[in-house]
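Engineer:
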Amino acid sequence: MILEPGKLYLGRTNEFTKTEKFVPMLEGRSSTGRLGLFIHVTAGFGDIGFAGYWTLEIFCVQPIKVYPNVDICQIYYHDIHGEYDLYNSGKYQNNTGVQPSLMYKDFEK
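Quick note: the sequence shown uses the working numbering, first residue 355, plus one each step.
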């Protein structure tokens, strides 16, 4: 598949992740960044207690051919110091596929 510049593509990680004692953060790999491929627009941090697949907000600055199962991002975990609450909104918890925005649920409270 060839990604076209100026369009937003939603994808997801192959890996299901779960963390209860760390803050997860998703970032692109330097090799993909040097091609002008961004794997998130604004959603790089995960929540404590999040379990699910990461939805990728893929954007490129030039046409780029992508292939299935090629590593384009990495997840790393930050320690938590002090007291904290687990992620409990449930809005994106345990997703199984590409997850479109559920921002409208923020207004239902």
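Idealized CB from N, CA, C, for every residue including glycine. What you are looking at is a predicted structure, and each value in this text was computed from that prediction instead of being measured.
Contact between the stretch 372-380 and the stretch 397-410 is defined here as three or more beta-carbon pairs at a separation below 8 Å; is this criterion met?
Structural biologist: Taking 8 Å as the limit for Cβ pairs, the verdict is that the stretch 397-410 does touch the stretch 372-380.
Engineer: CA-CA distance, N456 and Y446?
Structural biologist: Taking the sequence shown and counting its residues from 1, one reaches residue 456 at position 102. Taking the sequence shown and counting its residues from 1, one reaches residue 446 at position 92. Reading off the sequence, residue 456 comes out as Leu, not Asn. Going by the C-alpha atoms only, they are around 8 Å apart.
Engineer: According to the neighbour-count rule (16 or more other Cβ atoms, all chains shown, within 10 Å of its Cβ), is I434 buried or exposed?
Structural biologist: Taking the first residue of the sequence shown as 1, we reach residue 434 at position 80. By the neighbour-count criterion, in which 16 or more other beta carbons inside 10 Å mark a residue as buried, I434 falls on the exposed side.
Engineer: Mapping DSSP to helix, strand and coil, what is G387?
Structural biologist: As a working note, residue 387 is residue 33 in the sequence shown. In the structure shown, G387 sits in a helix (DSSP, three-state: H, G or I).
Engineer: Helix, strand or coil: how does DSSP classify Y407 here?
Structural biologist: Taking the sequence shown and counting its residues from 1, one reaches residue 407 at position 53. For Y407, the three-state secondary structure derived from DSSP is strand.
Engineer: Is DSSP giving M379 helix, strand or coil here?
Structural biologist: In the sequence shown, residue 379 corresponds to position 25, counting from 1. In the structure shown, M379 sits in a strand (DSSP, three-state: E or B).
Engineer: Roughly how far, in whole angstroms, is the beta-carbon of G398 from the beta-carbon of M379, given that I think they are within contact range, below 8 Å?
Structural biologist: Residue 398 sits at position 44 when you count from the first residue of the sequence shown. Residue 379 sits at position 25 when you count from the first residue of the sequence shown. About 6 Å; that satisfies the 8 Å criterion.
Engineer: Could you pull the start and end residues of the beta strand (DSSP E) that G365 belongs to?
Structural biologist: Along the sequence shown, one-based indexing puts residue 365 at 11. Per DSSP, G365 belongs to the beta strand (DSSP E) from Y363 to K372.
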